[in-house]
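K.L.:
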Amino acid sequence: MADLRDLYQEVILEHSKVPRNYRGMVEADLKAEGYNPLCGDRFTVYLHMDGDSIRDISFQGSGCAISKASASMMTQSLKGKTRADAEKLFKNFHDLVTGQGHPAEGELGKLAVFSGVSEFPARVKCATLAWHTLQAALENQQDAVSTE
Amino acid sequence: MTTLANFSVNPAGAPLPQVPPYDVERVRADFPILHQKVHGHPLVYLDNAATTQKPRQVIEAITRYYEHDNANIHRGVHTLSQRATEEYELARKTAQQFIGAEDCREIIFVRSTTEAINLVAQTYARQNLKPGDEVLITAMEHHSDIVPWQMICEEKQGKLRVAPINEAGEVSLTDFERLLTARTKLVAVAHLSNALGTINPIQQIVELAHSKNIRVMVDGAQAAPRLPVNVRELDCDFYAFSGHKIYGPTGIGVLYGKLALLEAMPPYQGGGDMISSVSFERTVYNKVPHKFEAGTPDISGPIGLKAALEYVSRLGIENIEQHENQVLEYATNRISALSGVRLIGTAKQKAGVLSFVMEGVHPHDIGTILDQEGIAIRTGHHCAQPVMERYGIPATARASLGLYNTKEEIDALVRGIKKVQEVFG
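Below, the structure written as structure tokens:
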């Protein structure tokens with residue numbers, strides 16, 4: 001039986017209450033909006049790029065604990081990373097929360113706390129909303145990205 | 149001398165005959181699905197505004213139809229086709245009686261309440277809306293009572309007007325009357341709000357509208373399973389409800405319309421069954437209600453619906469209403485006593501629905517944690533995004549009652565909410 005504590009780990013709860021990099025960004029050169037119509041979660045992800053690297057990343061919006069903590073920890077993981085790093089990390093994170101693959105130890109760092117999500121299929125969309133939004137921002141998509 | 153067990157003879161002022169107490173445990177025994185565990189806990193099903201569970205009587209009626217009577221209707225001389233036709237038309241009669249319609253031709257079978265509203269929008273409204281004309285709805289409508297009107301208003305250059313609601317979730321009749329103008333052609337309003345539980349004063353709304361010669365369509369999806377409905381007393385022009393919300397199958401719904409209106413309306417879809425004769429030059433449409441039922445319909449649907457309406461009628465809709473009201477009152481008292489929990493929708497006239505939000509916890513997280521306790525509720529915007537906007541919230545958690553829910557299940561819900569607070573403490 002899935003345990004609630006596997007999903008709502010202390011780190012996740014803490015990030016959902018005090019999200020990091022939770023702010024708008026005037027100097028953003030890329031941004032995108034993500035929306036989960038199922039639960040009304042809505043986030044904007046801002047990126048300030050330095051060539052191929054992410055110089056700064058932030059987010060704003062509203063959502064459940066899982067989506068908010070995921071967005072918060074995503075921004076922490078990606079500062080200073082390249083596009084290729086970001087894409088690879090998203091793939092590993094996606095595999096982790098959908099229980100599809102077994103990312104190598106250390107690949108995900110702190111993001112490994114989201115492993116419990118794979119036991120709650122209804123919550124995969126919450127955990128990946130910020131990441132899909134990031135992807136849209138990197139691809140400079142103008143329309144809001146939806147998880148549906 | 150005959151002895152009446154439930155009467156005590158008292159010539160000075162006889163007490164009312166005692167109604168046999170509503171035996172919820174006996175009712176629960178009719179619903180096979182309720183007797184299971186979810187995540188190790190007994191299932192507490194509190195998502196009845198989304199869909200209701202089906203009693204054995206409904207499941208058996210559908211099985212019996214497929215095992216004994218299945219055939220196409222209205223077109224066969226063979227025995228099975230006659231039986232299937234008879235069952236299908238008997239279901240129409242049952243639906244007619246259930247909502248107190250005058251004539252069974254006023255009952256049109258559709259897929260759902262949504263389809264019923266679309267039918268009226270695409271036939272009655274399309275025929276009658278002129279540029280600048282208005283359709284009036286309320287701010288508490290379900291998306292299915294907004295979008296079909298938006299679509300036809302856009303097509304016909306009409307205008308959708310919205311009667312506001314107050315903080316409790318009620319429409320004021322003064323506002324409503326003010327919004328009924330010389331341009332208003334149609335009013336569309338929910339009998340009972342799926343997101344807030346508000347019961348709208350349909351009779352007064354109809355009176356106001358009719359005094360200005362405006363037609364009224366009522367979305368009865370949430371009301372039909374929990375309030376006595378009599379379309380002749382309400383005097384509404386159209387009334388719609390869904391089978392699956394009244395303990396029947398999905399895929400079947402009912403549109404009631406006053407006969408004269410239905411007869412004057414153009415058909416909705418073309419095809420078999422809705423015609424009297426077809427040639428390449430000219431088609432003569434069939435009579436009401438068949439004019440609106442093109443193609444082979446869902447046949448087991450009305451048969452399942454008939455079993456459901458009979459089931460509800462046997463229990464007595466007034467008894468169901470009373471039972472649900474007692475459980476709702478108990479739930480309202482217990483949940484409003486919890487700190488950090490706020491009820492959304494506190495109308496004086498309410499039924500069946502308890503929407504709430506919790507401080508510091510998103511409804512989606514409430515839903516997941518309650519599910520781990522075996523408690524099924526709905527979280528989200530309940531297909532009523534304008535209602536969420538009105539209250540400035542992204543979503544609510546919603547517990548909605550059925551005829552089989554108990555106070556003990558509310559206790560489980562309250563324990564579940566406390567668990568949510570523990571996790572997020």
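Note that the protein sequences, when read in sequence, are chains A and B.
When the letters of the first sequence are read in order and numbered with the numbering used here, they come out as residues 1 to 148.
When the letters of the second sequence are read in order and numbered with the numbering used here, they come out as residues 149 to 573.
The beta carbon of each residue, even a glycine, is placed where N, CA and C say it ideally should be.
Owing to the predicted nature of the structure, the values given are computational and were not obtained by experimental measurement.
#1: Does I457(B) come out as helix, strand or coil in the three-state DSSP assignment?
#2: Is S58(A) closer than 8 Å to M25(A) when the C-beta atoms are compared?
#3: Examine chain A for any beta-carbon lying closer than 8 Å to the beta-carbon of V137(B), and answer yes or no.
#4: Give a yes or no on whether 8 Å exceeds the smallest Cβ distance from S62(A) to chain B.
#5: Just to check, is the beta-carbon of Y236(B) closer than 7 Å to a non-hydrogen atom of the ligand FAD?
#6: Applying the 10 Å Cβ sphere with the 16-neighbour rule, what's the burial state of P373(B)?
#7: Taking only three categories from DSSP, how would you classify I294(B)?
#8: To which residues of the same chain is G51(A) closer than 8 Å at the C-beta, ignoring the five residues directly before and after it?
#9: Distance, Cα to Cα, K17(A) vs L134(A)?
#10: When the Cα of A412(B) is compared with those of R274(B), K567(B), D171(B) and L182(B), which residue comes out closest?
#11: For M422(B), which three-state DSSP category applies?
#12: Confirm, please, whether the CB-CB distance from V436(B) to L410(B) is below 8 Å.
#13: Can you tell me the Cα-Cα spacing of L194(B) and G280(B), whole angstroms?
#14: What residues in the stretch 525–550 of chain B bring their beta carbon closer than 9 Å to a beta carbon of chain A?
#15: Taking DSSP as the reference, what is the three-state secondary structure of N36(A)?
#16: Express the C-alpha separation of E429(B) and Q270(B) in angstroms, rounding to a whole number.
#17: On a CA-only basis, which of E119(A), R83(A), E33(A) and L78(A) is nearest T98(A)? Give me that one, please.
#18: Which runs of the beta strand (DSSP E) at least 3 residues long sit entirely within the stretch 488–529 of chain B? Give them in chain order.
#19: How about L38(A): is its C-beta nearer than 8 Å to some C-beta of chain B?
#20: Can you find at least 3 beta carbon pairs, one from the stretch 464–473 of chain B and one from the stretch 324–343 of chain B, that sit closer than 8 Å?
#21: Consult DSSP for V18(A) and reduce its assignment to one of helix, strand or coil.
#22: Hey, is the stretch 289–301 of chain B in contact with the stretch 314–332 of chain B, meaning 3+ C-beta pairs nearer than 8 Å?
#23: Do the stretch 64–77 of chain A and the stretch 8–17 of chain A meet, that is, are 3 or more Cβ pairs less than 8 Å apart?
#24: If we count the other Cβ atoms within 10 Å of its Cβ and call it buried at 16 or more, is G528(B) buried or exposed?
#25: Could you tell me which of A232(B), L463(B), V310(B) and E570(B) sits nearest to A336(B), measuring between CA atoms?
#26: Given a limit of 9 Å on CB to CB distance, which residues of the stretch 58–87 of chain A reach chain B?
#27: With 8 Å set as the bound, which would you pick, yes or no: does the beta-carbon of H290(B) sit closer than that to a beta-carbon of chain A?
#28: Quick check: the Cα distance between L407(B) and D171(B), rounded to an integer number of angstroms?
#29: Kindly list, in the order they appear in chain B, the residues whose Cβ is closer than 7 Å to that of F120(A).
#30: At the level of alpha carbons, what is the spacing between A137(A) and A144(A)?
#31: Could you tell me whether any Cβ in chain B is nearer than 8 Å to the Cβ of Y8(A)?
#32: Provide the residue span of the alpha helix (DSSP H) that contains K321(B), from first to last.
#33: Using a Cβ-Cβ cutoff of less than 8 Å, which residues in the same chain neighbour F179(B) once the five nearest sequence positions on both sides are dropped?
#34: Use the C-beta contact count for Y214(B): other C-beta atoms within 10 angstroms, 16 or more gives buried, fewer gives exposed.
#35: Output yes if chain B places a C-beta closer than 8 Å to the C-beta of E20(A); else output no.
#36: Taking Cβ positions only, does D195(B) come closer than 8 Å to chain C?
P.N.:
On the basis of the data shown:
#1: Reading off the sequence shown, one finds Leu at residue 457(B), where the question assumed Ile. If DSSP states are grouped into helix, strand and coil, L457(B) belongs with the helices.
#2: yes
#3: Outside the displayed range of chain B (149 to 573) lies residue 137(B), so it cannot be described from this structure.
#4: yes
#5: For the ligand FAD, the structure offers nothing, since it holds no ligand at all.
#6: buried
#7: coil
#8: none
#9: 21 Å
#10: R274(B)
#11: coil
#12: yes
#13: 43 Å
#14: T527, G528, H529, Q533, M536, I541, P542 and A543
#15: strand
#16: 24 Å
#17: E119(A)
#18: Here the runs fully enclosed are 489–492, 501–506 and 526–528.
#19: yes
#20: no
#21: coil
#22: No, the stretch 289–301 of chain B is not in contact with the stretch 314–332 of chain B.
#23: yes
#24: buried
#25: V310(B)
#26: S62, G63, C64, A65, I66, S67 and K68
#27: no
#28: 39 Å
#29: Per Cβ cutoff of 7 Å: T516.
#30: A137(A) and A144(A): Cα-Cα distance of roughly 10 Å.
#31: yes
#32: For clarity, residue 321(B) is Leu in the given sequence; the question names Lys instead. From DSSP, the alpha helix (DSSP H) with L321(B) extends over L321 to L327.
#33: Q201, K202, P203, R204 and Y552
#34: exposed
#35: According to the sequence as given, residue 20(A) is Arg; it is not Glu. It does not: the Cβ of R20(A) has no partner Cβ on chain B nearer than 8 Å.
#36: Absent from the structure is chain C; the protein chains it does hold are A and B.
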